[in-house]
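In our numbering, the protein residues as written are 5 to 311. We treat Cβ as the ideally placed atom computed from N, Cα and C, and that holds for glycine.
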Amino acid sequence: MKSLTTSLHEYIKVRRSLGYQLNAVERNLKKFITYLKKKDCQYITVPLALEWATLPQNVKRSTCSRRLSIVRLFAQYRIAEDPRTEVPPPYLLSQQPNRATPYIYSEKEIRQLLKACQSLLSRGLRHHTYFTFFGLMAVTGCRINELISLNRDDLDTKNNWIIIRNSKGKSRLLPLHPTTMRQLKKYNKTRDQFPVHDINAFFLSDRGTRITACNTRFTFIQLSEQIGLRSILDSYGPRIHDIRHSFAVSALLNWYRKGINVSQKIMLLSTYLGHKRPSDTYWYMTGTAELLAQATARLEKSIGEKK
5 MKSLTTSLHE YIKVRRSLGY QLNAVERNLK KFITYLKKKD CQYITVPLAL
55 EWATLPQNVK RSTCSRRLSI VRLFAQYRIA EDPRTEVPPP YLLSQQPNRA
105 TPYIYSEKEI RQLLKACQSL LSRGLRHHTY FTFFGLMAVT GCRINELISL
155 NRDDLDTKNN WIIIRNSKGK SRLLPLHPTT MRQLKKYNKT RDQFPVHDIN
205 AFFLSDRGTR ITACNTRFTF IQLSEQIGLR SILDSYGPRI HDIRHSFAVS
255 ALLNWYRKGI NVSQKIMLLS TYLGHKRPSD TYWYMTGTAE LLAQATARLE
305 KSIGEKK
């Protein structure tokens, strides 16, 4: 197999034959290959491409985006030679991101949200349902439809896990903390004290039917207004899906703060969240200033130790 340096020479030669100058491109790719060698990596990976593109900490986002774009094109060329090559997705560090910037909830805001559930108007189950629903979302990062679709037999109380079935074409097991499972058992017991029309559904409305996405979003907006996350006049604001973002960012930040090698853990988080590719999980790093700063500081420290 050809080395990265050899592939770079061929890549530049081919593109220059088409009329491109590529002086800056060549300089940047040489620096990137040198960086890979320092990291003792023989092929292009999304995490290392992202790390290199965002150094040093105060670099402009436009520069980061341009660097990653250069690596992306080279990776598309290199993958024919080395199938291990990972091509950075186009939305990573994009100057015109095609994903909404997530709102990252603080632990205090999550607690306020759950406390507000207790005051929801209800004929019996509603406040119990949404307290448990939003709490479970906060500690698992599940998608809203994954929890709405949860059935009674998707809980394994002996092994402390739940099964998320047929989400994005696949199913997965989610291990839960014992305190989380205790709350699910408590809700289970409370729910069974009320008339039930959908015996399979886990999360039920006051009418005893499976809750819907529409009613869940409406309830979330009510709660958001109550705790001050948005005003009654606002037509937009923090979303339910941002609870999922907050879970992922919290996990990544926790690892960085503890000095844990995130590259070794990212596959676990990616699997837990139900992502198809680890690169989808790494996107959270680009949307959060604190997380990006933590990652960059860790990298700069690592490079300094190796000099």
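Annotation for residue 51: no beta strand (DSSP E) segment contains it, though the alpha helix (DSSP H) segment containing it runs 50 to 57.
Taking a cut-off of 8 Å for Cβ pairs, the segment 174 to 186 and the segment 137 to 147 touch, as three or more such pairs fall below it. Rounded to the nearest angstrom, the Cβ distance from residue 79 to residue 92 is 7 Å, consistent with a contact under 8 Å.
Considered as a whole, the segment 200 to 285 harbours 217 to 230, 245 to 261 and 266 to 277 as its complete alpha helix (DSSP H) runs of no fewer than 4 residues, in chain order.
Judged by DSSP in its simplified three-state form, residue 169 adopts strand. Residue 192 sits in a helix when the DSSP states are folded into three classes. A straight-line Cα-Cα distance of about 16 Å links residue 274 and residue 49. Where residue 43 is concerned, there is no enclosing alpha helix (DSSP H), because DSSP gives it neither an H nor an E. Within the same chain, 56 and 75 come within 7 Å of residue 36 by CB-CB distance, once the 5 residues on both sides are set aside. Given a length threshold of 3 residues, each whole run of the beta strand (DSSP E) inside the segment 104 to 190 is given here in chain order: 165 to 171 and 174 to 179.
Put simply, the backbone Cα of residue 137 is about 40 Å away from that of residue 89. Where residue 73 is concerned, the enclosing alpha helix (DSSP H) starts and stops at 65 to 82.
Counting only the Cα atoms, residue 121 lies some 16 Å from residue 194. By the criterion of a C-beta distance shorter than 7 Å, residue 196 is surrounded by no residue of its chain, once the five residues flanking it on both sides are discounted.
Contact holds between the segment 123 to 131 and the segment 208 to 216, because three or more Cβ pairs, one in each stretch, are under 8 Å apart. For the pair residue 220 and residue 166, the CB atoms are not nearer than the 9 Å cut-off.
If you draw a straight line from the Cα of residue 118 to the Cα of residue 31, it comes to about 52 Å. Secondary structure of residue 198 (DSSP, three-state): coil. For residue 89, there is no enclosing alpha helix (DSSP H), as DSSP marks it with neither H nor E. DSSP places residue 17 in the uninterrupted alpha helix (DSSP H) bounded by 8 to 20. Residue state for residue 32 is assigned as helix, using DSSP reduced to three classes. Put simply, of 189, 281 and 108 the residue whose alpha carbon is nearest the alpha carbon of residue 245 is 108.
In terms of Cβ geometry, residue 26 and residue 68 do not form a close pair [threshold 9 Å]. In the three-state reduction of the DSSP assignment, residue 62 falls in the coil class. The Cβ atoms of residue 157 and residue 168 do not sit closer than 9 Å to each other.
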